[in-house]
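Participant: A single structure is presented below for examination.
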Amino acid sequence: MCASTPPATGAPHYFNPPWSRIGASARIMPACGADPHIIYCVYWHAPPRLPHAPNECLTHLYRSIDIRLGRMDRVYRPGDKVVGTAVVIVRGSSLSHDGIALSADGSASLQLSAKSVGLFEAFYSTIKPQKLFGFNATLAPTGKLADGTHEFDFEFEVRGTEGEKLLESYHGVYINTQYVITVEVRRGMLAKNLKRSVEFIVEVPEPRQLKLQPMPFSIVPESLENVRKSALSRIPTFKITGVLDSVICSIQHPLSGEVIVEECSATIKSIELQLVRVETCSYADGMAREATEIQNIQIADGSVCQGWSIPIHMVFPRLFTCPTVLTRTFKVEFEVNLVILFSDGHLLTENFPLKLLRTA
Numbered sequence: 590m591c592a593s594t595p596p597a598t599g600a601p602h603y604f605n606p607p608w609s610r611i612g613a614s615a616r617i618m619p620a621c622g623a624d625p626h627i628i629y630c631v632y633w634h635a636p637p638r639l640p641h642a643p644n645e646c647l648t649h650l651y652r653s654i655d656i657r658l659g660r661m662d663r664v665y666r667p668g669d670k671v672v673g674t675a676v677v678i679v680r681g682s683s684l685s686h687d688g689i690a691l692s693a694d695g696s697a698s699l700q701l702s703a704k705s706v707g708l709f710e711a712f713y714s715t716i717k718p719q720k721l722f723g724f725n726a727t728l729a730p731t732g733k734l735a736d737g738t739h740e741f742d743f744e745f746e747v748r749g750t751e752g753e754k755l756l757e758s759y760h761g762v763y764i765n766t767q768y769v770i771t772v773e774v775r776r777g778m779l780a781k782n783l784k785r786s787v788e789f790i791v792e793v794p795e796p797r798q799l800k801l802q803p804m805p806f807s808i809v810p811e812s813l814e815n816v817r818k819s820a821l822s823r824i825p826t827f828k829i830t831g832v833l834d835s836v837i838c839s840i841q842h843p844l845s846g847e848v849i850v851e852e853c854s855a856t857i858k859s860i861e862l863q864l865v866r867v868e869t870c871s872y873a874d875g876m877a878r879e880a881t882e883i884q885n886i887q888i889a890d891g892s893v894c895q896g897w898s899i900p901i902h903m904v905f906p907r908l909f910t911c912p913t914v915l916t917r918t919f920k921v922e923f924e925v926n927l928v929i930l931f932s933d934g935h936l937l938t939e940n941f942p943l944k945l946l947r948t949a
């Protein structure tokens, strides 16, 4: 009995699957003057030959754009120069284009709150963005980019447009101030343009010195406002005092202070500190004002010891806070709420308006 084996593999392929067995047969062959013997045949199916080189298969096209800035943190101040490189990667074949353009834009975009002005007014009202900064440049004229990596350097100064003051980068709910660099490879009518954008951060420090303004407080039942008459008889006896080190705050440093529970007849479940943004936009019919929460931190859990000082330490989050902004068309202000939650579900809230600044 004999059996055939698949031939050895030849030159390397992109895919080299094993040979597959597709059938077998056996038959008796009489031999002259000898006993008959069996011949056993196995049939093997050879895999199809695949191309050895990339140019034998379909060409794989790859194009991409990357924007690299000279500073890792992407933070700039007025008067700084933004230095960077636009990297265009072309693979597979050359790329014809109608020019490579760079634009850097900064603007404050406004949106009305449906809760403040109504859903219909918020949907149909359009508020033109306030342009703060603009720069345009041509990185390459019309031509062709060969297969490979191409780098185009650029540089521009961070300076407000004529008559406009730069505002800090800020990501809010209804107000956003952003500075964006965009590189675009224009490719004509029948091809899609290649585009890439990256945001850089602008900080605007104040030249004046920060003057601290401490804010002591005392919360007692007699100082409460907005209390239902039906709940007056159920108000526990309490006295909560403390101080905020300053309500005029440097955005680079945390908000600090202390809270002291002098006395309380009810069980305290939690003491929290809530940072709130207050965004105001002007529109045709007036001003739309909306307050939203930025962050909430717990500074005490459970029934705290009376007479002990509980420290306040809150870091202002980057991009979600900015120096207080007051302009003709919009305002961005900040507040902090001290929230005392009792075990029966009632809570006390003390509000403190803040003024944020960035010191040089």
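The sequence shown runs 590 to 949 under the numbering used here. By construction, the Cβ of each residue, glycine as well, lies at the ideal position given by its N, Cα and C atoms.
1) Go ahead and label Arg866 buried or exposed: buried means 16 or more other beta carbons lie within 10 angstroms of its beta carbon, across all protein chains shown.
2) Out of curiosity, what's the CA-to-CA distance linking Asp834 and Pro900?
3) Assign Pro596 to buried or exposed, taking buried as 16 or more other Cβ atoms, counted over all protein chains shown, within 10 Å of its Cβ.
4) Where do the N-terminal and C-terminal ends of the beta strand (DSSP E) with Leu553 fall, by residue?
5) Which residues does DSSP pair with Lys784 in a beta bridge?
6) Taking 8 Å as the limit between beta carbons, can you name the residues of its chain near Asn782, skipping five residues before and five after?
7) DSSP state of Pro810, grouped into three classes?
8) Taking Cβ to Cβ, would you say Ile764 is nearer than 8 Å to Tyr872?
9) Rounding to the nearest angstrom, what Cα-Cα distance links Leu915 and Glu879 in this structure?
10) For Cys870, count neighbouring Cβ atoms within 10 angstroms of its own Cβ and tell me buried if that reaches 16, exposed if not.
11) Expressed to the nearest angstrom, what Euclidean distance is found between the alpha-carbon atoms of Leu647 and Thr738?
12) On the DSSP letters alone, give me the boundaries of the beta strand (DSSP E) that Pro900 sits inside.
13) Kindly indicate the opening and closing residues of the beta strand (DSSP E) around Lys800.
14) Which of the three DSSP states, helix, strand or coil, is assigned to Arg748?
15) For Tyr651, report the span of its beta strand (DSSP E) as first-last.
16) Straight-line CA distance for Phe905 to Asp874?
17) What number of angstroms, rounded off, separates the C-alpha of Pro854 from the C-alpha of Ile886?
18) Secondary structure at Arg663, three-state DSSP: helix, strand or coil?
19) Is it the case that the Cβ atoms of Thr727 and Ile840 are separated by a distance below 8 Å?
20) Just tell me which of Phe789, Leu684 and Glu740 has its CA closest to the CA of Val664.
21) Whether or not the region 843-852 and the region 886-898 are in contact is what I'm after, with contact meaning three or more pairs of Cβ atoms, one per stretch, closer than 8 Å; do they touch?
22) What beta strand (DSSP E) runs, 3 residues minimum, are completely inside the region 814-900?
23) Can you find the residues in the same chain that come closer than 6 Å, C-beta to C-beta, to Leu930, ignoring five residues on each side of it along the sequence?
24) Which one or two residues does DSSP pair with Thr731 in a beta bridge?
Facilitator: Put simply:
1) With 16 or more Cβ atoms within 10 Å of its Cβ, Arg866 is classed as buried.
2) In this model, Asp834 and Pro900 are separated by some 11 Å (Cα to Cα).
3) Confidence is the limiting factor: at Pro596 the pLDDT is only 48, short of 50, which leaves the residue's position unreliable, though a coordinate-based value still follows. That one is exposed.
4) Outside the modelled stretch of the chain, which goes from 590 to 949, sits residue 553, for which no answer is possible.
5) DSSP, once it has assigned bridges, lists Glu773 as partnering Lys784.
6) If you ignore the 5 residues before and after Asn782, its C-beta comes within less than 8 Å of the C-beta of Glu773, Val774, Arg775 and Arg776, all in its own chain and listed in chain order.
7) Of the three classes helix, strand and coil, the one that applies to Pro810 here is helix, per DSSP.
8) No, they are not a contact pair.
9) Straight-line Cα distance between these residues: approximately 15 Å.
10) By the 10 Å Cβ count, Cys870 comes out buried.
11) Because the pLDDT at Leu647 is just 39, under 50, the model does not fix this residue reliably, and the point stays unresolved.
12) Unbroken beta strand (DSSP E) run through Pro900: Ser898 to Met903.
13) Careful: Lys800 lies outside any beta strand (DSSP E) and carries neither H nor E.
14) Arg748: coil per DSSP, three-state reduction.
15) First-last of the beta strand (DSSP E) with Tyr651: Tyr651 to Leu658.
16) Going by the C-alpha atoms only, they are around 33 Å apart.
17) The identity of residue 854 in the sequence shown is Ser, whereas the question assumes Pro. Cα to Cα, the separation comes out at about 25 Å.
18) In the structure shown, Arg663 sits in coil (DSSP, three-state: anything other than H, G, I, E or B).
19) In this structure, Ile840 does not lie closer than 8 Å to Thr727 by Cβ.
20) Distances from the CA of Val664 to each of Phe789, Leu684 and Glu740 were compared; the closest alpha carbon is that of Phe789.
21) With the cut-off at 8 Å, the region 886-898 and the region 843-852 touch.
22) DSSP runs (the beta strand (DSSP E)) wholly in the region 814-900: 827-833, 837-839, 844-853, 857-872 and 875-890.
23) Around Leu930: Lys858, Ser859 and Leu936.
24) Beta-bridge partners of Thr731 (DSSP): none assigned.
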